[in-house]
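Everything on this sheet refers to the single structure shown next.
Residue numbers (the working numbering): 3 to 398.
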């Protein structure tokens, strides 16, 4: 009998690995093996998240505790390369056969910590880049072992993270788009792997490849100083949002109860914000510092990316830590707060309301803190959560 899902993912996505290696007792409960050795890396990721969260609040005048200066001046770097770089590379390392892939979350977590403690972005970025480079190498190797569109998308996403770290001090617009590409490719790769269940036709797969090509082409154009590339990125994001809404499993999950419905709703609302960010990129491809640009970034990084984190947490945390998460209906509270905050932020930007910006960031901070609290409070509970991946005879 298997001793838990963490040994058996063999490089697949977490959701696919869980679906393939589900091991149950006579009562139907999942068997998990707690993995405390992964806690330090998870703590580094969460520390980066909290620092970036505090920096985002401070940028709008809310200072509740002393903060490292870098959390305010470079809170985007800490959030994307520190928190998301560590979390996603840890997720992928757990599912890989090669242990050296853990070098990626170790380096990205340490890079963010060094930057926050020293206050020097010049010290932090080389370490973050090294972590992203290890991550890229591990994903390229993984794609070689398990060649498929999802694994190649993961590898391309990791490469985008590394390029973004490399140009972070020289080209703001390019850095933003490389990291947008990194997160888009990573998230879409995870969803693409699950979309095998819906068996998208060949023309849908070809369309996906074209959209990835245009996303990267637009990013390369911006890197080369051609601002119109931002509009190509925007069109690609909008089209990818529509592609996901059409072919993702989430369209069926919303008809099922419990955790499956929560994940489906969270995914579909996240796809909506991906489409909004694509539309806003079309309107404001590069004007740094403008309110429209602020709305673009927050619809993507808060609405889309954190929506995906909320959706995948019940799958990722059990795989990383070996502890189950029990779904509770109160999870909808942090989801609602997140989307209310993003609506407030985007609306305040469009109507030029500084007061609205200040209060919407409070809603988003509360949503993220409540998400962490509720996730931690249900870790390791004995009650089995509804199976979000098993087929349902009631699906339309």
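The beta carbon of each residue, even a glycine, is placed where N, CA and C say it ideally should be.
Stretch-stretch touch, CB-based, cutoff 8 Å, three pairs: the stretch 140-159 with the stretch 184-198: With the cut-off at 8 Å, the stretch 140-159 and the stretch 184-198 touch.
Query raised in the report: By DSSP, does residue 228 sit in helix, in strand, or in coil?
Result: Taking the first residue of the chain shown as position 1, residue 228 is located at position 226. Three-state DSSP puts residue 228 in coil, outside helix and strand.
Residues near residue 381 in its chain [Cβ-Cβ closer than 8 Å; skip 5 each side]:
Counted from its first residue, the chain shown places residue 381 at position 379. Only 319, 323, 325, 326, 327 meet the Cβ criterion.
Residue 318 (DSSP reduced to helix, strand or coil):
Taking the chain shown and counting its residues from 1, one reaches residue 318 at position 316. If DSSP states are grouped into helix, strand and coil, residue 318 belongs with the helices.
Secondary structure at residue 165, three-state DSSP: helix, strand or coil?
-> Residue 165 sits at position 163 when you count from the first residue of the chain shown. DSSP places residue 165 in helix when its eight states are reduced to three.
_Whole angstroms are fine: how far does the CA of residue 147 sit from the CA of residue 347?_
The sequence position of residue 347 within the chain shown is 345, counting from 1. The sequence position of residue 147 within the chain shown is 145, counting from 1. C-alpha of residue 347 to C-alpha of residue 147: approximately 43 Å in a straight line.
Worksheet item: Are at least three pairs of beta-carbons, each pair with one atom in the stretch 210-218 and one in the stretch 115-126, less than 8 Å apart?
Response: Contact between the stretch 210-218 and the stretch 115-126 is absent, because fewer than three Cβ pairs lie under 8 Å.
Self-check item: Where the alpha helix (DSSP H) containing residue 308 begins and where it ends
Solution: Sequence index remark: in the chain shown, residue 308 carries index 306 (1-based). Looking at the DSSP string, residue 308 is not in any alpha helix (DSSP H), and its letter there is neither H nor E.
Using 7 Å as the threshold, is the C-beta distance between residue 67 and residue 53 below it?
As a position in the chain shown, residue 67 is number 65, starting the count at 1. As a position in the chain shown, residue 53 is number 51, starting the count at 1. In this structure, residue 53 does not lie closer than 7 Å to residue 67 by Cβ.
Is the stretch 331-343 touching the stretch 49-65 in the sense that three or more CB pairs, one from each, lie closer than 8 Å?
Contact fails between the stretch 49-65 and the stretch 331-343, because fewer than three Cβ pairs, one in each stretch, are under 8 Å apart.
- Query: Where does the unbroken alpha helix (DSSP H) through residue 295 begin, and where does it stop?
  - Reply: To locate residue 295, count along the chain shown from 1; it is residue 293. Looking at the DSSP string, the run of the alpha helix (DSSP H) that includes residue 295 is 293-300.
Quiz item: Taking all protein chains shown into account, do 16 or more other C-beta atoms lie within 10 angstroms of the C-beta of residue 316, making it buried, or fewer, making it exposed?
Solution: Against the chain shown, residue 316 aligns to sequence position 314. The Cβ neighbour count for residue 316, taken over all protein chains shown within 10 Å, is at least 16; the residue is labelled buried.
Would you say residue 236 lies against chain B (beta-carbon separation less than 7 Å)?
In the displayed structure, chain B is absent; only one protein chain is listed.
query = Could you give the C-beta distance for residue 41 and residue 108, rounded to a whole number, given that I count them as a contact under 8 Å?
reply = The sequence position of residue 41 within the chain shown is 39, counting from 1. The sequence position of residue 108 within the chain shown is 106, counting from 1. Not quite, the Cβ-Cβ distance comes to about 13 Å (not below 8 Å), so this is no contact.
Could you tell me whether the stretch 301-308 touches the stretch 268-276, using the rule of 3 or more Cβ pairs below 8 Å? Touching, yes, given that three or more Cβ pairs across the two stretches are closer than 8 Å.
Is the beta carbon of residue 175 closer than 7 Å to that of residue 224? On the chain shown, residue 224 is found 222 positions in, with the first residue counted as 1. On the chain shown, residue 175 is found 173 positions in, with the first residue counted as 1. Yes; because the gap between Cβ atoms is below 7 Å, this pair is in contact.
task: List in chain order: all unbroken alpha helix (DSSP H) runs of 4+ residues lying wholly within the stretch 167-225.
output: Whole alpha helix (DSSP H) segments, 4+ residues: 174-196, 204-225.
message = Just checking residue 307 against the ligand MG - is the residue's beta carbon closer than 6 Å to any of the ligand's heavy atoms?
response = The ligand MG is not part of this structure, which contains no ligands at all.
Could you pull out every residue in the same chain whose Cβ sits closer than 6 Å to the Cβ of residue 105, ignoring the five residues on either side in sequence?
Residue mapping note: residue 105 aligns to position 103 of the chain shown, counting from 1. Within the same chain, 136 come within 6 Å of residue 105 by CB-CB distance, once the 5 residues on both sides are set aside.
Check your understanding: Where do the ends of the alpha helix (DSSP H) carrying residue 365 lie?
Key -> Counting from 1 along the chain shown, the entry for residue 365 is found at position 363. For residue 365, the enclosing alpha helix (DSSP H) starts and ends at 356-380.
Query raised in the report: Taking C-beta to C-beta, are residue 399 and residue 280 nearer than 7 Å?
Result: Residue 399 cannot be examined here, being either before or after the span of the chain that is shown, 3 to 398.
What residue range does the alpha helix (DSSP H) around residue 94 cover?
Position 92 of the chain shown, counting from 1, holds the residue named residue 94. Residue 94 -> alpha helix (DSSP H) spans 87-96.
### Message
On the DSSP letters alone, give me the boundaries of the alpha helix (DSSP H) that residue 258 sits inside.
### Response
Taking the first residue of the chain shown as position 1, residue 258 is located at position 256. Careful: residue 258 lies outside any alpha helix (DSSP H) and carries neither H nor E.
| field | Pairwise C-alpha distance: residue 329 and residue 376 | value | As a first step, residue 376 must be located in the chain shown, where it is residue number 374. As a first step, residue 329 must be located in the chain shown, where it is residue number 327. One Cα belongs to residue 376, the other to residue 329, and the distance between them is close to 10 Å.
### Query
Expressed to the nearest angstrom, what Euclidean distance is found between the alpha-carbon atoms of residue 168 and residue 180?
The count along the chain shown starts at 1 and reaches residue 168 at position 166. The count along the chain shown starts at 1 and reaches residue 180 at position 178. C-alpha separation (whole angstroms): 10 Å.
What do you get for residue 359, buried or exposed, if any count of 16 or more other CB atoms within 10 angstroms of its CB means buried?
-> Walking along the chain shown from the start, residue 359 turns up at place 357. By the neighbour-count rule (16 or more Cβ atoms within 10 Å), residue 359 is buried.
Q) Do residue 140 and residue 103 have their C-beta atoms within less than 7 Å of each other? A) The sequence position of residue 140 within the chain shown is 138, counting from 1. The sequence position of residue 103 within the chain shown is 101, counting from 1. Between residue 140 and residue 103, the gap from beta carbon to beta carbon is short of 7 Å.
Closest residue to residue 83 among 357, 95, 160, 69 (Cα-Cα distance): Here the question's residue 83 lines up with position 81 in the chain shown. Checked all of 357, 95, 160, 69; the closest Cα to residue 83 is 160.
Exercise for the section: Could you tell me which of 47, 314, 229 sits nearest to residue 173, measuring between CA atoms? Expected result: Within the chain shown, residue 173 is the residue found at index 171, counting from 1. Per the Cα distances, 229.
Check your understanding: If you check the beta carbons only, do residue 165 and residue 114 fall under 7 Å apart?
Key -> Along the chain shown, one-based indexing puts residue 165 at 163. Along the chain shown, one-based indexing puts residue 114 at 112. The answer is no: Cβ separation not under 7 Å.
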